[in-house]
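A quick write-up on the structure given underneath.
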Amino acid sequence: MLFKVFPRDQLEILYDILAGHHLVGPQIIGTDRNGQELFAFDYIHSFTELRIDFTSTVHSLKSFVLPPRENLSSFALANNDWEKNVDLGIYKPHVFFGLHPCDINALNKLDKVLTGPVYPDPFYTGKRKNMFIIGVNCIPQPWCFCKSMGTDTVLSGFDMFLTDLGDKYFVEIQSATAYDILMELPITEPTDEDHRRFVQLMDERNSKFTCQVDNSDLTKILDLEFQSPVWQEWGKRCMSCGTCANVCPTCYCYGVTEHVDLDLKSATKQKQLYSCNLIDFAMVSGGHNFRPDSASRLKYRYYHKHRGFQEAYEEALCVGCGRCGQACLAGITVPEVIDSVRRQEVPK
Amino acid sequence: MNKLDFVDVLPARQISTRKSDLSSFEYSYRAEITNVYGLTNTEKLYQIRIVDSDQRHQFTFKPGQFVMLELPGIGEGPFSISSSPTRHGDLELCIRAVGNLTNFLSRVPRGTLVGISGPFGTSFPVEDMENSDLILIAGGLGIVPLRAPLFSILENRSRYKQIDIIYGARNPSELLFTYQYQMWRQFDINLEIIVDQADEKWQGPVGLITEILKHRLEAAGNNLSSNTYAIVCGPPVMFHFVCDMLINAQLPMQKIFVSLERRMHCGRGKCCRCNIGATYTCLSGPVFDYWSVLNMKEAI
Numbered sequence: 001m002l003f004k005v006f007p008r009d010q011l012e013i014l015y016d017i018l019a020g021h022h023l024v025g026p027q028i029i030g031t032d033r034n035g036q037e038l039f040a041f042d043y044i045h046s047f048t049e050l051r052i053d054f055t056s057t058v059h060s061l062k063s064f065v066l067p068p069r070e071n072l073s074s075f076a077l078a079n080n081d082w083e084k085n086v087d088l089g090i091y092k093p094h095v096f097f098g099l100h101p102c103d104i105n106a107l108n109k110l111d112k113v114l115t116g117p118v119y120p121d122p123f124y125t126g127k128r129k130n131m132f133i134i135g136v137n138c139i140p141q142p143w144c145f146c147k148s149m150g151t152d153t154v155l156s157g158f159d160m161f162l163t164d165l166g167d168k169y170f171v172e173i174q175s176a177t178a179y180d181i182l183m184e185l186p187i188t189e190p191t192d193e194d195h196r197r198f199v200q201l202m203d204e205r206n207s208k209f210t211c212q213v214d215n216s217d218l219t220k221i222l223d224l225e226f227q228s229p230v231w232q233e234w235g236k237r238c239m240s241c242g243t244c245a246n247v248c249p250t251c252y253c254y255g256v257t258e259h260v261d262l263d264l265k266s267a268t269k270q271k272q273l274y275s276c277n278l279i280d281f282a283m284v285s286g287g288h289n290f291r292p293d294s295a296s297r298l299k300y301r302y303y304h305k306h307r308g309f310q311e312a313y314e315e316a317l318c319v320g321c322g323r324c325g326q327a328c329l330a331g332i333t334v335p336e337v338i339d340s341v342r343r344q345e346v347p348k
Numbered sequence: 001m002n003k004l005d006f007v008d009v010l011p012a013r014q015i016s017t018r019k020s021d022l023s024s025f026e027y028s029y030r031a032e033i034t035n036v037y038g039l040t041n042t043e044k045l046y047q048i049r050i051v052d053s054d055q056r057h058q059f060t061f062k063p064g065q066f067v068m069l070e071l072p073g074i075g076e077g078p079f080s081i082s083s084s085p086t087r088h089g090d091l092e093l094c095i096r097a098v099g100n101l102t103n104f105l106s107r108v109p110r111g112t113l114v115g116i117s118g119p120f121g122t123s124f125p126v127e128d129m130e131n132s133d134l135i136l137i138a139g140g141l142g143i144v145p146l147r148a149p150l151f152s153i154l155e156n157r158s159r160y161k162q163i164d165i166i167y168g169a170r171n172p173s174e175l176l177f178t179y180q181y182q183m184w185r186q187f188d189i190n191l192e193i194i195v196d197q198a199d200e201k202w203q204g205p206v207g208l209i210t211e212i213l214k215h216r217l218e219a220a221g222n223n224l225s226s227n228t229y230a231i232v233c234g235p236p237v238m239f240h241f242v243c244d245m246l247i248n249a250q251l252p253m254q255k256i257f258v259s260l261e262r263r264m265h266c267g268r269g270k271c272c273r274c275n276i277g278a279t280y281t282c283l284s285g286p287v288f289d290y291w292s293v294l295n296m297k298e299a300i
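So the protein lines, in turn, are chains A and B. UniProt numbering numbers the first residue of the first sequence as 1 and each following residue consecutively. UniProt numbering numbers the first residue of the second sequence as 1 and each following residue consecutively.
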């Protein structure tokens, strides 16, 4: 990896260089009931809109790579015959300006499922390959447990990664494209002082992660506690609304539906992101439901993320961003659930 | 200056070949429903032929695999192939009308064009089973995925030793493929059928499938030779009872094969609908040996 620094006021120049492209970044979309700013990823039209000092976005970046609804194919229907057309929906290169390590890690995890190995998903892969990613270091929030999940830092999956040193940006460069672009800025080699400040900043940041999950032997514990009554208790609280999956940067499950247009001359096949918390997720034809109650569905979600994915890819399908806990209508958070499963009791 | 000129990595023209490139994802064969036979009140047997003759001959599958069948605009679903693998792209699918897609399918005429993608999933290791005794156990619709390996076995009957088929249905009117029983028996197969509820014409045994299996195991002295394989297909409730009996009769778990049912929306390990823990039923299944099933939570 190459390390460089550039003066803080050059960030706008970097923005200007990239502004000719479709540029997505964090911006303010409103305030919550406590008056706190709410951030979201959206298309940026001027540098002043871009807020790379954001805390955390309500939704993840997922909608740009895995749209909530997407047409898989369309059909032209005529007299007992049909023609299938597939539009992979690949967009032009997009610049994603200001992704936190957890969000970049989330994309890396999604890549493992969706870009390989047996049937790569072309809808996802196409969009993913046309992404130019500028990461930024974040300020830990009270609900982030990314440190426990090992996703508080990121080594791959971005083009350049910025860390604010005060008057300078410390930049890690991962791609030739990023290097070319940075050559237009007055970049310099980091000095010893810059190194020292970087290390000091990282130390300060590390000390701010307050929320933790004990992951040790979690896979085995989830197996052992599969029949634990703790799940029933959490199931009583869970409303099976699927909000957690909606905001989760790594939830990728979907359902497929087909529709005939009103003129009966065309039809579309559409995929829609789904959630394993929704009641009919594991229902099969004829009405048998493999996970009929909310407890078994909630358990399955944890089991898939922290046990199943671990078995398949040697890592959990959770980046510890804490969005699910923030969004949950019943106030269920991952650290609480995992902790209660370990202790075999549910907090009052 | 345009710095970012990443190519559109997947040009549309790639959507013509199968496998090995990304475009296979939404590719489907055009296939024609050439014949429809009503087997019972709810099940029909559909003979489906891939339209393009080259594609038809190249289409190969292994017994136990499934295809995704699509009626454009109505829906798509996974169905076990119920015909002989040597028939290539002339497929038989036995389908019960229970949902939107299958109810619609039960009303379409011959000649309807459907989309077929696949084959997907794992298969029964019929070649490993050669020179062995076989016990095929089916409950209800379970006879459907069992028919492809059965055809495979019948076509090479001399390579297998004793073959027992134990088949149970709710009542005589729900028995599938009745017209083929005589043919199976001619291949020196011991076919035993049991129903839960008899009607006035029924002369065979009445009860649960486990009763027939019990007799079969008692005849073997409750000790199946290690040279025996079992294939079990049926409703989830049947697996535990049947497989436990087989294990009690000393049949090793890895010699019992089951085919699991899940709803699949893609068949390609992406939609997660068929996921059991770490396992995608569509990729690692639907055929599993019983040891793998025991090792998965909530599998049956």
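Glycine included, C-beta positions come from ideal geometry on N, C-alpha and C. It should be emphasised that the depicted structure is a prediction, and the values quoted were computed from it without experimental measurement.
Could you tell me whether any Cβ in chain B is nearer than 8 Å to the Cβ of residue 312/A?
In the first sequence, the residue the question calls residue 312/A occupies position 312. Among the residues facing chain B, residue 312/A is included, as its CB has a counterpart in that chain under 8 Å away.
According to DSSP, residues forming a beta bridge with residue 69/B
Here residue 69/B corresponds to residue number 69 of the second sequence, with the count starting at 1. Residue 69/B pairs with 77/B and 116/B.
6 Å Cβ shell around residue 135/B - same chain, five flanking residues per side excluded
Within the second sequence, the letter at position 135 stands for residue 135/B. Counting only residues of its own chain and dropping the five nearest sequence neighbours on each side, residue 135/B has a CB closer than 6 Å to the CB of 164 and 230.
Can you tell me which residues form a DSSP beta bridge with residue 82/A?
As a first step, residue 82/A is located in the first sequence; it is residue number 82 there, counting from the start. In the DSSP output, where bridge partners are listed per residue, residue 82/A has 77/A.
Report the neighbours of residue 114/A on chain B: residues whose CB is nearer than 8 Å to its CB, in chain order.
Here the question's residue 114/A lines up with position 114 in the first sequence. For residue 114/A, the chain B residues whose Cβ falls inside 8 Å of its Cβ are 270, in order along the chain.
Interface flag, residue 258/A vs chain B, CB-CB below 8 Å
Numbered from its first residue, the first sequence carries residue 258/A at position 258. With 8 Å as the cut-off, residue 258/A counts as an interface residue toward chain B.
Bridge partners for residue 259/B per DSSP, in chain order?
The count along the second sequence starts at 1 and reaches residue 259/B at position 259. Answer is 287/B, bridged to residue 259/B.
Whole-angstrom C-beta distance between residue 102/A and residue 321/A, which should lie under 8 Å
As a working mapping, residue 321/A is identified with position 321 in the first sequence. As a working mapping, residue 102/A is identified with position 102 in the first sequence. With a Cβ gap of about 4 Å, residue 321/A and residue 102/A count as contacting.
Simplified DSSP assignment, three categories, for residue 82/B
Counting from 1 along the second sequence, the entry for residue 82/B is found at position 82. In the structure shown, residue 82/B sits in coil (DSSP, three-state: anything other than H, G, I, E or B).
Check the Cβ of residue 112/B against every Cβ in chain A and list those closer than 9 Å, keeping chain order.
Here residue 112/B corresponds to residue number 112 of the second sequence, with the count starting at 1. The answer, in chain order, is 80.
Let me check understanding here. Comparing Cα to Cα, which of 189/B, 286/B and 93/B lies closest to residue 160/B?
The residue you call residue 160/B lines up with position 160 of the second sequence. Between residue 160/B and the set 189/B, 286/B and 93/B, the nearest pair of CA atoms involves 189/B.
Using the beta-carbon of each residue, which ones in chain A are nearer than 8 Å to residue 298/B?
As a first step, residue 298/B is located in the second sequence; it is residue number 298 there, counting from the start. Those within 8 Å of residue 298/B in chain A are 290, 291, 296 and 300.
Alpha helix (DSSP H) containing residue 361/A: first to last residue?
Nothing can be reported for residue 361/A: it is not among the residues displayed for chain A, which extend from 1 to 348.
Chain A residues whose Cβ lies nearer than 7 Å to that of residue 171/B
If you number the second sequence from 1, residue 171/B lands on position 171. What residue 171/B touches in chain A: nothing, since even the nearest Cβ is about 17 Å away.
Roughly how far, in whole angstroms, is the beta-carbon of residue 78/B from the beta-carbon of residue 238/B, given that I think they are within contact range, below 8 Å?
Residue 78/B sits at position 78 when you count from the first residue of the second sequence. Residue 238/B sits at position 238 when you count from the first residue of the second sequence. Contact doesn't hold; Cβ gap of about 20 Å is too wide.
Once you ignore the five residues that flank residue 51/A on each side, which residues in its own chain have a CB closer than 7 Å to its CB?
Stepping through the first sequence from its first residue, residue 51/A is reached at position 51. Counting only Cβ-Cβ distances below 7 Å, and skipping sequence neighbours, we find 26, 27, 28 and 39.
Please report the distance separating the alpha-carbon of residue 293/B from that of residue 253/B.
Position 293 of the second sequence, counting from 1, holds the residue named residue 293/B. Position 253 of the second sequence, counting from 1, holds the residue named residue 253/B. Looking at the two C-alpha atoms, the distance is approximately 10 Å.
Hey, which unbroken runs of the alpha helix (DSSP H) at 4 residues or more fall wholly within the UniProt domain "4Fe-4S ferredoxin-type" (309 to 338) of chain A?
DSSP assignment within the UniProt domain "4Fe-4S ferredoxin-type" (309 to 338) of chain A yields the following whole alpha helix (DSSP H) runs of 4 residues or more, N-terminal first: 309 to 313 and 323 to 327.
Validate contact between the segment 144 to 154 of chain B and the segment 177 to 192 of chain B using beta carbons, cut 8 Å, 3 pairs:
Segments in contact, yes.
As a quick exercise: from 287/B, 284/B, 278/B and 297/B, pick the residue whose alpha carbon is nearest that of residue 314/A.
On the first sequence, residue 314/A is found 314 positions in, with the first residue counted as 1. For the set 287/B, 284/B, 278/B and 297/B, the Cα lying nearest the Cα of residue 314/A is the one of 278/B.
Under 8 Å Cβ-Cβ, which residues of chain A neighbour residue 56/B?
What you label residue 56/B is simply residue 56 of the second sequence in a count that begins at 1. Those within 8 Å of residue 56/B in chain A number zero; the least Cβ separation is about 18 Å.
Which residues of chain A have a Cβ atom closer than 9 Å to the Cβ of residue 73/B, listed in chain order?
Counting from one through the second sequence, the residue named residue 73/B turns up at place 73. Residues of chain A with a Cβ closer than 9 Å to the Cβ of residue 73/B are, in chain order, 75, 77, 82, 258, 259, 260, 261, 264, 266, 267, 268 and 269.
Taking Cβ-Cβ distances shorter than 8 Å, what residues in chain A pair up with residue 176/B?
As a first step, residue 176/B must be located in the second sequence, where it is residue number 176. Chain-ordered listing is empty here: chain A has no CB closer than 8 Å to the CB of residue 176/B, the nearest sitting near 15 Å.
Residues of the UniProt domain "4Fe-4S ferredoxin-type" (309 to 338) of chain A with Cβ closer than 8 Å to any Cβ of chain B, in chain order:
Residues passing the 8 Å Cβ filter: 309, 310, 311 and 312.
Please determine whether the Cβ atom of residue 199/A lies at a distance below 7 Å from any heavy atom of the ligand COA.
With respect to the ligand COA, the structure offers nothing, as it holds no ligand at all.
Leaving aside the five residues before and after residue 77/A along the sequence, list all residues of the same chain whose C-beta is less than 7 Å from its C-beta, in chain order.
Counted from its first residue, the first sequence places residue 77/A at position 77. Same-chain partners within the cutoff: 264, 265, 266 and 267.
Residue 63/B and residue 126/B: beta carbons closer than 8 Å?
As a first step, residue 63/B must be located in the second sequence, where it is residue number 63. As a first step, residue 126/B must be located in the second sequence, where it is residue number 126. It is a contact, given that the beta carbons lie within the stated cut-off.
Could you give the DSSP three-state label for residue 244/A: helix, strand or coil?
One-based indexing of the first sequence puts residue 244/A at position 244. Residue state, collapsed to three classes: helix.
List, in order along the chain, the chain C residues whose C-beta lies closer than 9 Å to that of residue 89/B?
Protein chains A and B are contained in the structure displayed, whereas chain C is not.
Could you tell me the alpha carbon to alpha carbon distance between residue 345/A and residue 230/A, rounded to whole angstroms?
Taking the first sequence and counting its residues from 1, the one referred to as residue 345/A is at position 345. Taking the first sequence and counting its residues from 1, the one referred to as residue 230/A is at position 230. Counting only the Cα atoms, residue 230/A lies some 6 Å from residue 345/A.
For residue 168/A, the three-state DSSP class (helix, strand or coil)
Looking up residue 168/A in the first sequence gives position 168. Residue state, collapsed to three classes: strand.
Pick out whichever of 176/B, 101/B, 107/B and 181/B has its Cα sitting closest to the Cα of residue 70/B.
What you label residue 70/B is simply residue 70 of the second sequence in a count that begins at 1. Ranking the options by Cα distance to residue 70/B, first place goes to 101/B.
Pick helix, strand or coil for residue 278/B, following the three-state DSSP scheme.
Against the second sequence, residue 278/B aligns to sequence position 278. DSSP places residue 278/B in coil when its eight states are reduced to three.
Can you confirm whether residue 220/B, when its beta carbon is compared against all beta carbons of chain A, has any partner nearer than 8 Å?
As a first step, residue 220/B must be located in the second sequence, where it is residue number 220. No, residue 220/B lies away from the interface with chain A (no Cβ there is under 8 Å from its Cβ).
Going along the chain, which residues of its own chain have a beta-carbon closer than 8 Å to the beta-carbon of residue 110/B, five neighbours each way excluded?
On the second sequence, residue 110/B is found 110 positions in, with the first residue counted as 1. Hits under 8 Å: 33, 34, 35 and 36.
When you compare the CB of residue 11/A with every CB in chain B, is at least one pair closer than 8 Å?
The residue given as residue 11/A occupies position 11 in the first sequence. Output row for residue 11/A: interface = no.
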